[in-house]
Every structure is written in structure tokens, then in C-alpha cells.
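In the numbering used here, the protein residues as written are 4 to 513. Just so it is clear, CB atoms sit at the ideal spot from N, CA and C, and this is done for glycine as well. Working notes, beginning with the structure itself.
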Ligand SMILES: Cc1cc2nc3c(=O)[nH]c(=O)nc-3n(C[C@H](O)[C@H](O)[C@H](O)COP(=O)(O)OP(=O)(O)OC[C@H]3O[C@@H](n4cnc5c(N)ncnc54)[C@H](O)[C@@H]3O)c2cc1C
Ligand code: SF4
């Protein structure tokens, strides 16, 4: 009887993963390994490393309880070679398999390594489709074929049809595909009473991992304590259920709202669990749809939430695999500035950035609008190099893997792909941040002042960005109004904006 060596990666912690589908308990061996190369290829947030290692250790225990033969390699094991290739080699020496099986990895970099194993080990390598995603890279390629630019909204409708989600006789429930226009409520008194998310008490396995991370990664960014992430499927399901029962009903209304001291808002905080495999996207979508059918959450909230998962999440993955490796080199706007130290917590008078970085450091989490309209918007209009911005976003969030981080950063926030993923840059003045948050109330700058020392830097950086990139952006139909306003602006005002922007940017460079 032949023996398979099945490698399970840190973001493949699902019992129904394709690599385990034909597991033979009498012969096969599962290999799960904590390797130095993966933990350090960028210096990840400490909470992110602890979360993934702890979830891996719990998953291995679960498989062992179910009778799987698991070979688990801890980071501190004396013989740990530090790389996937080295650990597969050691496992081959120990177990003499006839074949290596692995589910398609989340990152292009890892796929390149796996593709070499056939030649290195002279063994067949079976790389299986990752069936946890709802659209395969080939299906996405077929959808994208012959399209000059891709639009998520049309992809999303296809996915609704494919999985029969929120449909009545093939028509969207309620008559519209998208209820975003109802989802822009300002923070109000209600946001003071947001139900608390489910926080898990660390057990002995998690505490052991926390100690390991504190001793082996001392200089890495981020607070490891308090640690409250779910690290088992049961707890991740609990996080999901609590969201569906207590916060989904307001998810739509306050999706874009930012409130100082409220990092979690009405969001679900399940990206960590979806991305490492503790939750499955289809089960999440079905539970949300059920809440709507049972009258427990309104359509604008449920449709908005489901769109993020079967729409955006699958769409960015499709864009990633369709365009790698070239996608990681895009820099359409030729942005060259280094990432300012404020992204690592250096003092800044800009309250919005200060709050978002502080929460990122504490939680390895910031919600979508903080990432997009504060941290991302600033990186875009300040002209920060896409490589530096990508690396930061990959480091600091516990849900960050390149397949999801790169398209969001290069495509969505930086317009570095020239408009392939999004139709226009998400640039804005301080007015948007003021409208959707209470950050400006506690800021040293004045959001209504356009130029001068007291002016909100987003105000003049926005116009400076539009002027700097006029040659590349003026023809964009969605920026017609902006460039009309710019052409009506007196030269003296433009000069003042340029001078304020340069002065400010020189200062943050220092
Ligand atoms: C610059 C930038 C970087 C990002 N980097 C990541 C990342 O590394 N990993 C990651 O999972 N998400 C990333 N996102 C998307 C999004 O911000 C997070 O998925 C979300 O904030 C996670 O919090 P949540 O689970 O509370 O999400 P909710 O707001 O409750 O949304 C529900 C789910 O929808 C999915 N989702 C929503 N928006 C997106 C999106 N744009 N792309 C992919 N999935 C989406 C997530 O799985 C999320 O859990 C990024 C967005 C931006 C603008
Ligand atoms: S005034 Fe400007 S810098 Fe200050 S919090 Fe508001 S948007 Fe941010």
C-alpha cells in the first residue's frame, strides 16, 4: 500500500481541506510545521505569529484526537530546518512516502517552492485545488478573459447566481443587487453601545506560544497581550454566531463609521478565521442569509456583509492569481516616498492616523474603512512607495496573507495597477474622515482649514496629489469633476498647496 505525506500549511487549518479528502489512517502522515522562514519573511505583528502558531497546534491536536497520524514540528524543535522544503525532506527520510500531497497554497512565493519538490525529491507532488474558496483561479480567469478592466460588482452578481444567495427566481431579493447607498450612516449615540465582541481566554497551548513569541521575536511590532483571538474552530464559530446575533443587524448602517476608542465597531472580526481555515466562507454566508430569512437582520446589512465575502474576498483572490508575479511590481503613479515612522507608532499630530496605528498595534486589526480611508488614503496622497506600503500591511494585520493584502493595497488603495482593480483612486480630503468619524474633534489640525500650519494635511495633500499626477489621472472619467475644480483654482492657491505639501512631507521624511 502506498503512503502519502500530506503537508498542511498554517492557513489550511480545515478538516475538510482537499489534501485530507482521501486520508488513509493506516498509512498516511500529516506534516504540520512552524518554520522560521515563514515566521520571518516579513517581521509579522507578534499577535499574528502567536495566533497562527496556536491555531496550528490546536488543529494538530484535533487531528490526532481523530486518529490522524500527525508529525508536528515546533519552531523550537532542535532539528527544525527552518523551511518547508527542509521539513518535507526530513519527513521523507523519516516516513518514506510514495507521494507528497498539498492543497494549493495562498501565496505565489510558496507555490514556487512547492513546484520544485518533484525534482528535488524525485517524488510525485499532488497540488490540489483549494475547495474552500468559492471561485477557482481558472473560473476567475474565464470570467476575466477579454475584459480590459474588471469590476467587482459584476463578478459578485455571478457569484450570487452560482451559489443561489439572496435570490428569488434568479432575481435579487428586494429588487436590487447592492444596498450600499443605505450603508453610510454617521456615528451616532448608538455607537456608544456596541455589543462587545467575543474574546477568548488563552489556554495553556496559547500561553506557551505567547512565551515563545515573546522570547524569539522580541523586537517585532505589536502588542501580544492581551491575547483574545479564537484559535479553535469551536471558538471561531462562537465569534461568528455572536456577530450574527448581536451586530449583523447594524453592520450595514455603520460599516463606514469610525469612532475613537471603538476598534471593533459592528464588524465581524472573522477575517483571521476565514483566512487560516477555521471558518468556511460558504457557511458564513449561509448563516448570514438565514438571519435575513428569519427576520433577524435587515437586507442592507446582510447583502452588504455577504458582498464582502463572496464578492470582494473572492474577487481579490482571483485578481492575485491571474496577475502574479507581475502584480507585485506595479507602481503606476511612480510613488517613491519611504514609509514614514508614524506607521510604526512614532508621534504624529494627525489624530486619525494616530488612533488607527495605535489600534493596529494593540489588536493586529483595523476595520476596512480605517485601512482604506485613513491609513491607505494617506499612503496614496503622500506618494508612498507601494513596496513599503505592501510590506507594512502584510506585517501588521493578523488576517494578512499576500493573496488578499496585495490586491487591496496595490489595487484598491494605491491605484498602483493603473485602475485594473478599482475605477478611481480612493483619495480624499479630511472632509470624508470628518464625516465618518469623530477623530477630527480631538485633532491638533483643523479639518475645515485648507492651507497653512493649522490646516488638516489631508486637505492640501489631496490637491497636491491631483496636481502631481494630473498627466496620469486627468483622463479618468470619474475624476472629471475634480480636475474641473482644479482648473478653476487660482495659480496662487495651487502654489500655496504645493508649498504646504512639500513642507509637510519634508517634515514626515525627517
Ligand atoms: C489596504 C487594505 C488592506 C487589506 N488587507 C487585508 C488582509 O490582509 N487580509 C484580509 O483578510 N483583508 C484585508 N483587507 C480587507 C478588509 O479590510 C478586511 O478583510 C476586514 O477589515 C477584516 O475585518 P472583519 O473580519 O471585521 O471584516 P468585515 O467588515 O466584518 O467584513 C466581512 C468579511 O469580508 C471580507 N472582506 C471584506 N472586505 C474585503 C476586501 N476588500 N478584500 C478581501 N476580503 C474582504 C473579509 O473576509 C471579512 O472578514 C484589506 C483592506 C484594505 C483597504
Ligand atoms: S483634522 Fe485631518 S488629520 Fe486631523 S483627524 Fe481630521 S482628517 Fe485626520
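Original post:
Does the beta carbon of residue 180 fall short of 8 Å from some heavy atom of ligand 1?
Top reply: no
Subject >> Nearest to residue 336 (by Cα), restricted to the options 157, 428 and 487 >> reply: 428
Original post:
In terms of residue numbering, what span does the alpha helix (DSSP H) encompassing residue 356 cover?
Top reply: 354-366
Subject >> Same chain, Cβ closer than 8 Å to residue 431, five either side skipped, listed in chain order >> reply: 376, 380, 461 and 465
Original post:
Should the segment 42-58 be regarded as contacting the segment 4-12, the criterion being three or more beta carbon pairs within less than 8 Å?
Top reply: no
**OP:** Evaluate residue 305 with the Cβ neighbour count: other Cβ atoms within 10 Å of its Cβ, from every protein chain shown; 16 or more gives buried, anything less gives exposed.
**Re:** buried
**OP:** Identify the continuous alpha helix (DSSP H) that holds residue 35 and give its terminal residues.
**Re:** Counted as a single uninterrupted DSSP element, the stretch harbouring residue 35 is not any alpha helix (DSSP H) but the beta strand (DSSP E) occupying residues 32-36.
**OP:** Kindly indicate which residue of 327, 463 and 206 has the alpha-carbon position closest to the one of residue 114.
**Re:** 327
Original post:
Cα-Cα, which of 318, 257 and 252 is closest to residue 301?
Top reply: 252
Original post:
Shortest alpha-carbon distance to residue 203 belongs to which of 242, 72, 167 and 214?
Top reply: 242
Original post:
So, is residue 121 buried or exposed, given that buried needs 16 or more other C-beta atoms within 10 angstroms?
Top reply: exposed
Subject >> Straight-line gap, residue 493 to residue 386 (C-alpha atoms, nearest Å) >> reply: 24 Å
Original post:
In three-state terms, what does DSSP make of residue 242?
Top reply: In the three-state reduction of the DSSP assignment, residue 242 falls in the helix class, which pools H, G and I.
**OP:** Look up residue 303 in the DSSP assignment and say whether it is helix, strand or coil.
**Re:** helix
Original post:
Taking 8 Å as the cut-off, is the CB of residue 377 close to at least one heavy atom of ligand 2?
Top reply: For residue 377, the CB falls within less than 8 Å of some heavy atom of ligand 2.
Original post:
Can you tell which of 458, 479, 405 and 278 has its C-alpha closest to the C-alpha of residue 353?
Top reply: 458
Original post:
Mind checking whether the beta-carbon of residue 450 lies closer than 8 Å to any heavy atom of ligand 2?
Top reply: yes
Original post:
Hey, quick one: how far does the beta strand (DSSP E) through residue 129 stretch, first residue to last?
Top reply: 128-131
Original post:
Is residue 232 near ligand 1, with its Cβ less than 8 Å from a heavy atom?
Top reply: no
**OP:** Return the CA-CA distance between residue 270 and residue 138, expressed in angstroms with no decimal places.
**Re:** 24 Å
Original post:
What distance in whole Å lies between the Cβ atoms of residue 158 and residue 146, which are believed to be in contact at a cut-off of 8 Å?
Top reply: 6 Å
Subject >> CA-to-CA distance, residue 70 to residue 332, given in whole angstroms >> reply: 45 Å
Subject >> residue 84 versus residue 275: straight-line alpha-carbon distance, rounded >> reply: 27 Å
Original post:
Between the C-alpha atoms of residue 3 and residue 230, what's the straight-line distance to the nearest angstrom?
Top reply: Here the chain comprises residues numbered 4 to 513, so residue 3 is not present and cannot be evaluated.
Subject >> Residue range of the unbroken alpha helix (DSSP H) whose run includes residue 477 >> reply: Looking at the DSSP string, residue 477 is not in any alpha helix (DSSP H), and its letter there is neither H nor E.
Original post:
How long is the line joining the alpha carbons of residue 48 and residue 222, rounded to whole angstroms?
Top reply: 10 Å
Original post:
Out of curiosity, what's the CA-to-CA distance linking residue 129 and residue 118?
Top reply: 10 Å
**OP:** Would you list the residues sitting across from residue 7 in a DSSP beta bridge?
**Re:** 102
Subject >> residue 181 to residue 218 span [Cα, whole Å] >> reply: 48 Å
Subject >> Reference residue 260, options 510, 483, 371 and 470, closest by Cα >> reply: Among 510, 483, 371 and 470, the Cα nearest to that of residue 260 is on 371.
Original post:
Relative to the C-alpha of residue 212, which residue among 37, 167 and 134 is closest?
Top reply: 37
Original post:
Is there at least one non-hydrogen atom of ligand 2 closer than 8 Å to the beta-carbon of residue 461?
Top reply: yes
**OP:** Put residue 46 into one of helix, strand or coil per three-state DSSP.
**Re:** coil
Subject >> Alpha carbon of residue 2 to alpha carbon of residue 160, nearest angstrom >> reply: Residue 2 falls outside the range modelled here, since the chain spans only 4 to 513, and no answer is possible.
Subject >> Assigned exposure category for residue 420 - 16 Cβ within 10 Å defines buried >> reply: buried
Original post:
Does at least one heavy atom of ligand 2 sit under 8 Å from the Cβ of residue 510?
Top reply: No, Cβ of residue 510 sits at least 8 Å from all heavy atoms of ligand 2.
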